[in-house]
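This report concerns only the one structure given below.
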Amino acid sequence: MREEEIEKLRGVVRDCVSKHLYSSAIFFADKVAAFTNDPADIYMQAQALFLGRHFRRAYHLLNASKIVLRDLRFRYLAAKCLEELKEWDQCLLMLGDAKVDEHGNVYDTKDCNVMYLDKYGEDREINISSAICFLRGKAYEALENRSQARQWFKAAIKADPLCYEALECLIENHMLTCEEETSLLSSLHFGPEDGWLSSFYSCLIKKYDKEYVVEAKFRELEKEGSNSNLSDTSFMGTLKSNTDLLACKAEYFHQCGEYQKCFELTSILLEKDPFHIKSTLVHLAAAMELGHSNELYLMSCNLVKDYPQKALSWFAVGCYYYCIKKYDQSRRYFSKATSLDGTFAPAWIGYGNAFAAQEEGDQAMSAYRTAARLFPGCHLPTLYIGMEYMRTRSFKLAEQAKSICPSDPLVYNELGVVAYNMKEYSKAIRWFEKTLALIPSALCEMWEPTVVNFAHACRKLKLYEEAIANYEKALALSTNSVSTYAGLAYTYHLQALWFKPDDQFCTEMLSLALVDECRCGVVDPKVEFRRNEVYI
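Residue numbers for the sequence shown follow my numbering, so the first one is 106 and each next one is one higher.
Spelled out as structure tokens, the structure:
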């Protein structure tokens, strides 16, 4: 057969693949390979078999070729076949003996003499070494060697910043702390045309900075887009309304406690793209905080219908039952979510919170410890372990939560509660002040307990003016808090006696108030710790 006719058949194979006619692609690719016995045509046949889900046959074809260990594309595709077959140890053997250090630097590789067959076309390619590093990471993750998986994912994104999947695994699975994410991002070598991508990645990582810092990141992304060399002037407008970018903003609103704003934004996003996973998760989190049980019910029904094998679907069902305070049912569905995907962090924390809601501390601690082991970059499991220690009045053990994320204000509120319960009131005031200083936006109802806690600590040190000011600030955030009114009244009584300790009327009124409060069970208002119900 003439070369022109063979080239036409190659074109038929490529067209069949683009139209997802995989049986046709396999048929014609097999004939082309038989005519030419060219390695590139054998690879094309294996690719068609892989896309047609004939993984064992594709692997046999590649492994039988004489260049499988000398051509990176052959080796990579053979390893992908083994990935689909869940043969993880064989997958790693096929990929070779390279090693990686904790910073994601690959060394001691024996692949320096391998070749790489260029694919057809002139499109920009992701470095094959990056793809191989990423596949190694997936294999180690499947083998539950998360330390090695983390290092290979770092190696993949460092080998080629376009390998977004590696960064996604590191972020979504909470494999890195905030500082490690920032350090990794700063070490990436972006091309001159990829300034927008660098800015976009900076919006994806943890957002524990001050509000103006985070907003500056979004503005920088817009600036990069407007300064890009793309001829299409509508590019920036499209990017500004991009669902991924807006989902990042919604996640930030949730983190700041602006749940209504977060819920409104995710509602718009889900109208535009009802199946966007990140928007869905943030929407569930906001609905939980706002107590929108009807929305949670509808979302969970739709998710279970459309994605019965996804952990997110059953997590949504667990959120609904948690919202209506049916904790036994919520635990059942959170547990199902963890069994479907053991790396889905919100399900583990929801599982622990469902136990904690019924004061089943041992089971809650077990869930939190599992989450802390699986997600070393997430500070929340450690925070809730500390909360459980506080609930059981093990105050010294509770002071362990701020090393992973020293910029989360909730951590410092809990440290203030620990200091208060240990009667270290000056220290408690310092922690509560730091909490309020770290809040990235204006105070909202979410932070009312912290303001009340601050007032309690001031009252204990006889700083009555400061205590009264903070009680009144708390009432401005939430007008229905009985403990805040009780604390304010109690402080006015104490202040009156402080001015005139022997005033008979004030003494009698305080005694009557204390007797009345004893009947209600609120002799001395207690400091509060806050447990967010859903985490993203």
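For every residue, glycine included, the Cβ atom is placed at its ideal position computed from N, Cα and C.
Check, Outcome
"Sequence-distant residues of the same chain with beta carbon closer than 8 Å to R162, five excluded per side", "L154"
"Buried or exposed by the 16-neighbour rule on C-beta atoms within 10 Å, applied to E356", "buried"
"Where Q59 falls, given that 16 or more other Cβ within 10 Å makes a residue buried", "The structure shown does not extend to residue 59, since the chain is modelled only from 106 to 641, so the question has no answer here."
"Three-state secondary structure (DSSP) of V205", "strand"
"Spatial distance of I111 from S235 (CA atoms)", "33 Å"
"Reduced DSSP secondary structure (H/G/I, E/B, other) of D349", "helix"
"Status (buried if at least 16 other CB within 10 Å, exposed otherwise) for S336", "Because the pLDDT of S336 is 46, which lies under 50, any placement of that residue in the model is unreliable, and the number read from its coordinates should be weighed accordingly. S336 comes out exposed."
"Span of the alpha helix (DSSP H) around V122", "108 to 123"
"For V522, the three-state DSSP class (helix, strand or coil)", "helix"
"Local Cβ density within 10 Å of V587, reported as buried at 16 or more and exposed below that", "exposed"
"Reference V523; option with closest CA among L374, A562, L174", "A562"
"Start and end residues, alpha helix (DSSP H) containing G423", "416 to 428"
"M404 versus K191: straight-line alpha-carbon distance, rounded", "32 Å"
"In DSSP terms, what V211 is bridged to", "V205"
"Cut-off 7 Å between Cβ atoms - residues of its own chain near Y456, not counting five sequence neighbours on either side", "R436, F439, S440, T443, A472"
"Whole-Å CB distance - L488 paired with L515, under 8 Å assumed", "7 Å"
"Separation of L580 from A594, as counted between CA atoms", "13 Å"
"Reduced DSSP category for I373 - H, G, I as helix; E, B as strand; rest coil", "helix"
"Proximity of F449 and M280 at Cβ, strictly below 9 Å", "no"
"Beta-carbon contacts of A261 that lie in its chain and below 7 Å, excluding the five residues immediately before and after", "S235, C238, F239, G242, C268, A271"
"Contact belief for Y525 with N575 at Cβ below 8 Å, rounded distance in angstroms", "Contact flag wrong, Cβ pair sits at about 14 Å."
"Rounded straight-line distance, which links the Cα of V409 to that of C424", "13 Å"
"Cβ-based burial, M106 [other Cβ within 10 Å; buried from 16]", "exposed"
"Beta-carbon proximity list for A151, same chain, < 7 Å, skipping 5 on both sides", "A163, L166, L167, L182"
"Beta-carbon gap between T589 and E550 smaller than 9 Å", "no"
"Any C-beta of chain C under 9 Å from that of H359", "Note that chain C does not occur in the displayed structure, where there is just one protein chain."
"Extent of the continuous alpha helix (DSSP H) to which H388 belongs", "382 to 395"
"Per-residue burial, P451 [other beta carbons within 10 Å of its own, 16 or more giving buried]", "buried"
"Beta-carbon contacts of T475 that lie in its chain and below 7 Å, excluding the five residues immediately before and after", "W453"
"Chain-order list of residues whose beta-carbon lies under 8 Å from that of F132 (same chain, five-residue window excluded)", "none"
"Contacting residues, own chain, Cβ-Cβ under 6 Å from C196 (five flanking each side not counted)", "A184, L187, E188, A244"
"Assigned secondary structure, L293 (DSSP; H/G/I helix, E/B strand, else coil)", "coil"
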